[in-house]
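Enquirer: Just dropping this structure here.
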Amino acid sequence: MYFLTTVANYLETHTYSRLKRIKTKDLIMSTARKKMSVWRPLELHRFISRNADLSNKNRTILLFYCGKSSNILRTFSFKELELRVSAFRSFCTIVKTEIPKFVTSEGSAVKSSRAVSSVGRNAGYETHTGSTTPPKWSPPQKKRKPKIDLELDKQLQELNEQYSSIQNALQAIFPFPKNNLHNAYAIVSSQLGSQHTVQFEYEHVSQAPACWQCTAKVEWPSVARFTSRGASKGEAANRASLDALQWLQSIGKLNQKGEVELMMKMNRQAAKQTPVAEIHLSAESLESVERIVNKYYEEVAKISKIPTIEAAEPQVTSDSDEELESDTLPIQHEKWLFPHVADRRDKELLRRYERVQERRNKFSSVLPIHNFKDDIMELVNNNSVVVIKGEPGCGKSTQVPQYIMESYASQQAATDCNIVITQPRRISAIALAERVAHERDEQVGDVVGYHVRLHAKHPRYQDGYILFCSTGMLVRKMIADSALQGVTHVIVDEAHERDTYVDFLLLLLKRALQLNPSLKVIIMSATINAELFTRFFNDCPSISIPGFTYPVEHHFLDDRIKSMLEKNGVTFETEDTERPVVNIEAIVNMVTWIDENKPEGAILVFLPGWLEIRTVMEEIAALSYASHFMVVPAHSRLSSEDQKRIFERPLDGRRKVILSTNIAETSLTIDDVVYVIDSGAVKEERMDLKSGLVCLDNQWASQANVLQRRGRAGRVRPGESYHLFTEDMFHSLEKFPTPMIKRIPLTRSVLDVKMYTKDENITQFLSCLPEPPLEEAVSQAVGVLQSMGALDLDENLTPLGKRIYKFPLDPYLSKALVHACIFKCVNPMLTIATLLAADYSIFENTLGLKGRVRLVKQRQSPASDHIASAYLYQEWENLDWTNPAESRADCQQKGLSYRNMDRTRQLKKLHGELLNSSKLIPEVENINDMSMPCNQFSRYDELVKSVLLSGLGKILVFQKPIRKRGLMLRTLDGSPAVISSESVNSKFKEFPTPFLTYYKSLSSAERRAVIVHESSLLSPVSLVLFMPGVLTLKNMVGLENENSVISVEGARPVYIEVNKKEGEQLLHLRQVVWNVLEYLVEYEGRPRDVEQYKAICQFRDDLLPVLADLTGEQGANIDFTESGELRTEPPSDRMQSG
């Protein structure tokens, strides 16, 4: 498309007739639009040759470009180009004109072939060299009508077919040209260590269909501009971006897969063998290292021979096996009430039941489930397991537990009924408990209660209750009490959501039925795959409850809707059965078409993620009548205030448009939605078994998801749904969503299995789930736990595994917490682990204000997101303790969420209690008190980061490629990586150290790289001492002063240059550190040999100051420059990101 624009601009500069100039330019651009940015040489050749409005001169120039355009993509050889140019030589001779060079970027031009130059010389005219001066030209002496020979037609036909296939391939590689271009330059910026962005400039140029013009400007590998037009800003930007991507591919900066190529292959092997860092120890540091190493071997060497796990199985005290009071459901095995108290309670609940019957009927009689009450109770009373399939809104969540309790209360036996209802979300459990209590005309905490993590209002008595809880809470209870004695009914609500805890709970309940025959299990699900649960529980009976919805008329992408959208300039590609392509133009056009042609009512648009939501918002905002729409996003990462806007009513005359992820399928009910637009896409995390990485990509929604989305349009009145894919595609989709246990890492699930059964084979246990995970995924999870030291080769828990298996955290974070207790930096590590494990952010809006988030963190720590977050929390906690009002104002100023800060405080307290119960920290020590022994080294930032590395075991490496400027960022296995823009490390052009540690990463198909959100820069010494795995000292040819390298082994080994003596001492110190860790992980707080334990703890106390000073000295240049100033990002980058 960009060469069309260049032709048009050339004509505008070199044509003397304004009238002809305007007509020519409009003809070129309109033709390009009709061809959807696909250059068709043969068709355009005929169009130019037969158009009477073009002069011979302009016609010849255009015909030349028709042939020359192929060179842009390097799809034809130079000889083929000469043949094509020579075919036009006759035209050049006839019209006596010179053919200009094709300018592709500022200051550079594609050289014309010798054939072209000879044309200019033979004609006796000057050759155009790219200047703005028009070429000398004289009118021809004799005009003749151009003739096109058949051979040229045949050549052009062949070239046209080749070019079309290439163009289609490019569009398949770059389904989102603008986003793909941004992502490519994000990788360039990260790997070159400098800021390279794409700048888009928009101009409203005419009232024609292509009324928007977009110019994309890039500065790498050279300055270039690409201009295109479109019916909207998005269309113009996508076309300009595709031109830029084609240019990058043509000059070898993008490979055939669309991936950025920064290093030549000849340099990669050399880069692999190049040290990425150097270590230089001061004389004082080297002396202290030698002293502590010698002390270890002379006085404490016996700890290097730690007894084997079988010989030193610790005698775990009963205290360490007890469930925490704050994490325990109030379930008793035996009858809790004395007989006379139970009798009095039964009579009281009978009177209450009789009193509230009229009130209860007022609520239940209007619900569809009311007519099925007797059928439900008959099934529950006569069967151990019942499946209730209910449409959303039928009333099953609130009414079924009340039906059961009322049946007991009416017989004066309410204290014999103990009901536990699980919910997949904490907020649902609390809300339903409050609703049921309201219907029963009582307060939460009497008969009805709830228990979720951090919040609980238990029933008044532990006999005769209705208890709502989160799914994970009941799973953890059943791990300790597999028979679930004392519970009469378990209701698993929203079972169709199929998170890992739901699947795990179903298996535990199936086994509990064998141990506790009196237990009743009710599975409640939407109609999504309810038959699966029936089969899992041995073809148990089921009942279906209709929903309270209006009819919805649904439309797929048939010829009628497709032609309507195409008339508005929307282009469609062939549907990809593997991965959906979100057509932004089609969505925006559907929104405007519904607004113009349909009655009032809100429009709900289902999109896969925030990127698509933001793009659609921008497109609607660019419309001339954008003020007519009230556009609100719905995303789980938005602040609660922003999410509340989706329930607001629009002002008179405005149309509300909700742009939502799949959160609005079941979790949110928006009562004014009448129209649904479905992109058919959902963003899901899926595990790549080959790489072990979690990939976050757009996937096709299942048929069940599509039906759920359609149903959202019929909640208040008859509605309509528009699905932007064909009906054939709908029938080819999976019938049901992929369960979470089949698409996420299973390390946490494997530990849960070991909590439940210590002897059963892990793979065998998980194979009993309703839909078992792949054996490869289970084996990979077991391998990860074995490599980190939580399981031995026989799949038994090691001392580390026994420390961390009760922690409700990822095993890596739990390991870091255990190490922090040993290295006495508990408080910051507890904060870091809590925040990394949280499903929320302490910032109010991380989606739209990433630059602000980054700058707030940089004021706390310029090189570590983890340390910055810990300091931000510590400041808030100290301020909130003394002045809560001021802490709220401080949160607002920094963009922090007070609610999430308070949530962090509660979670941190819970995790601290787990450390106390596991004997890692004495109960008398206050974890939040920085003067306590457990926090003695909490203010040594480099040591804290090093301990974090010892648990996570993950690093990123910056490496300079040979003969190239800039840096490459990669993981230890060689995968390219990108640091997201909210990280403090995302904008620096140079780094004082090439190593970073991180916790979570996502593999992105769009960026074709691993995306890391939080990271911390580490000194090379910290890496050598605390990185898990194998490190060796090696000789390498070419190093000065006979230095050696320390090799960090991996798929792509990392080399650190070091003086041989210093390297030997550092590796000795590393062995000492890990020996002390291994011993204290097993015996901290529960020693077997008291004297040995005291001696090793004393040595640990001597070792820690050495480690703190050494890591602090080596990491001094990370946070501060050589002049002693705090390291911050350049002001120019700060302004761009703010």
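Under full-length UniProt numbering, the residue at position 269 of the sequence shown is numbered 269, and the numbers go up by one with no gaps.
C-beta: ideal position from N, C-alpha, C; glycine also.
Less than 8 Å between the CB atoms is what I'm expecting for Pro994 and Ala495, so what's the real figure, rounded?
Expert: Wrong, their Cβ atoms sit about 49 Å apart, outside the cutoff.
Enquirer: Closest to Thr726 by C-alpha separation, out of Arg1100, Leu557 and Met478, would be which residue?
Expert: For the residues Arg1100, Leu557 and Met478, the minimum Cα distance to Thr726 belongs to Leu557.
Enquirer: Is the beta carbon of Ser288 closer than 8 Å to that of Val1106?
Expert: In contact: Val1106 and Ser288 (Cβ atoms closer than 8 Å).
Enquirer: Just curious, the alpha helix (DSSP H) that Ser428 is in, first and last residue?
Expert: Element bounds for Ser428: Arg426 to Glu439.
Enquirer: Spatial neighbours of Asn1035 within its chain, please: C-beta separation below 6 Å, excluding the five flanking residues on both sides.
Expert: Closer than 6 Å at the Cβ level, and outside the excluded window around Asn1035, lie Ser1044.
Enquirer: If Lys217 sits next to Gln199, beta carbons under 8 Å apart, how far is it from one beta carbon to the other, in whole angstroms?
Expert: The pair is a contact, with the Cβ atoms about 5 Å apart (cut-off 8 Å).
Enquirer: Indicate whether Ser679 and Phe736 have their beta-carbon atoms separated by less than 8 Å.
Expert: Not in contact: Ser679 and Phe736 (Cβ atoms no closer than 8 Å).
Enquirer: What is the residue span of the alpha helix (DSSP H) that Ser288 lies within?
Expert: Run containing Ser288: Ala283 to Glu299, per the alpha helix (DSSP H) assignment.
Enquirer: At which residues does the beta strand (DSSP E) containing Tyr1079 begin and terminate?
Expert: Here Tyr1079 belongs to no beta strand (DSSP E); instead the alpha helix (DSSP H) covers Lys1060 to Tyr1083.
Enquirer: Could you say which of Ser869, Phe765 and Asp752 lies nearest to Met473 if we only look at CA atoms?
Expert: Of Ser869, Phe765 and Asp752, the residue nearest in Cα terms is Asp752.
Enquirer: Taking 7 Å as the limit between beta carbons, can you name the residues of its chain near Ala586, skipping five residues before and five after?
Expert: Leu565, Val570 and Leu724.
Enquirer: Quick one, are the C-beta atoms of residue 1186 and Ile822 less than 8 Å apart?
Expert: Given a span of 1 to 1138 for the chain in the structure shown, any question on residue 1186 remains unanswerable.
Enquirer: Pick out the complete beta strand (DSSP E) segments inside the region 525-574, 3 residues or longer, and give them in chain order.
Expert: Segments of the beta strand (DSSP E) lying fully in the region 525-574: 542-545 and 552-555.
Enquirer: Considering only their Cβ atoms, is the gap separating Ile491 from Val400 smaller than 8 Å?
Expert: Yes, Cβ-Cβ distance for Val400 and Ile491 is below 8 Å.
Enquirer: Can Tyr805 and Met590 be called in contact, C-beta distance under 8 Å?
Expert: Going by C-beta atoms, Tyr805 is not nearer than 8 Å to Met590.
Enquirer: Quick one: measure Cβ to Cβ for Thr415 and Cys469, integer angstroms, because I've assumed they're closer than 8 Å.
Expert: About 20 Å; that fails the 8 Å criterion.
Enquirer: Classify Gln986 as buried or exposed, calling it buried when 16 or more other Cβ atoms lie within 10 Å of its own Cβ.
Expert: For the sequence presented, residue 986 should be read as Ser rather than Gln. It is buried - the Cβ of Ser986 has at least 16 other Cβ atoms within 10 Å.
Enquirer: Quick check on Met524: buried or exposed, where buried means 16 or more other Cβ atoms within 10 Å of its Cβ?
Expert: That one is buried.
Enquirer: Hey, how far is the Cα of Pro933 from the Cα of Ile927?
Expert: Those two C-alpha atoms are separated by around 9 Å.
Enquirer: Can you tell me whether Gln764 is buried or exposed, with buried defined as 16 or more other CB within 10 angstroms of its CB?
Expert: Per the 10 Å Cβ criterion, exposed.
Enquirer: Of all the options Glu1057, Leu1104, Ile1011 and Val1090, which has the alpha carbon lying nearest to the alpha carbon of Leu1069?
Expert: Taking only the C-alpha atoms, the option nearest Leu1069 is Leu1104.
Enquirer: Between Pro773, Leu915, Val856 and Asn916, which lies nearest to Asp890 when the distance is taken from Cα to Cα?
Expert: Answer by Cα proximity: Val856.
Enquirer: Looking at the structure shown, is Phe823 part of a helix, part of a strand, or coil, going by DSSP?
Expert: Note: Phe823 maps to coil in three-state DSSP.
Enquirer: From this set, Leu1002, Asp941, Gly895 and Arg970, which residue's C-alpha is nearest Leu696's C-alpha?
Expert: Of the candidates Leu1002, Asp941, Gly895 and Arg970, the one whose C-alpha sits nearest the C-alpha of Leu696 is Leu1002.
Enquirer: As a quick exercise: from Lys945, Leu611, Asp810 and Glu720, pick the residue whose alpha carbon is nearest that of Asp839.
Expert: With distances taken between Cα atoms, Asp839 lies closest to Asp810.
Enquirer: Taking the alpha-carbon of Val420 as reference, which of Glu442, Asp463 and Val694 has the nearest alpha-carbon?
Expert: The shortest Cα separation from Val420 among Glu442, Asp463 and Val694 belongs to Asp463.
Enquirer: Residue range of the alpha helix (DSSP H) that Tyr756 falls in?
Expert: Segment Thr747 to Tyr756, the alpha helix (DSSP H) holding Tyr756.
Enquirer: Determine, using beta carbons only, whether Leu943 and Cys1097 come nearer to each other than 8 Å.
Expert: No, these two residues do not count as a Cβ contact at 8 Å.
Enquirer: Taking only runs that begin and end inside the region 789-856, name each unbroken alpha helix (DSSP H) of 4 or more residues, in chain order.
Expert: Counting only runs of 4 or more, we get 799-804, 811-822 and 826-837.
Enquirer: Just mark residue 1171 as buried or exposed, buried being the case when its beta carbon has 16 or more other beta carbons within 10 Å.
Expert: Outside the modelled stretch of the chain, which goes from 1 to 1138, sits residue 1171, for which no answer is possible.
Enquirer: Would you list the residues sitting across from Val385 in a DSSP beta bridge?
Expert: Beta-bridge pairing links Val385 to Val521.
Enquirer: Can you find the residues in the same chain that come closer than 7 Å, C-beta to C-beta, to Ile1118, ignoring five residues on each side of it along the sequence?
Expert: So the qualifying residues of the chain are Ala863, Pro992, Thr993, Leu1017 and Ser1019.
Enquirer: Between Lys824 and chain C, is the shortest Cβ-Cβ distance under 8 Å, so that the two count as touching?
Expert: Chain labels in this structure do not include chain C; a single protein chain is all it has.
Enquirer: Taking the DSSP output, what are the residues bridged to Ala681?
Expert: According to DSSP, Ala681 bridges with Trp700.
Enquirer: Should Arg511 be counted as a contact of the ligand NAD given a C-beta to heavy atom distance under 7 Å?
Expert: Judged by which ligands are present, the structure shown has none, so any question about the ligand NAD falls away.
Enquirer: From this set, Pro1028, His455, Arg344 and Val436, which residue's C-alpha is nearest Val448's C-alpha?
Expert: That would be Val436, whose Cα lies nearest to the Cα of Val448.
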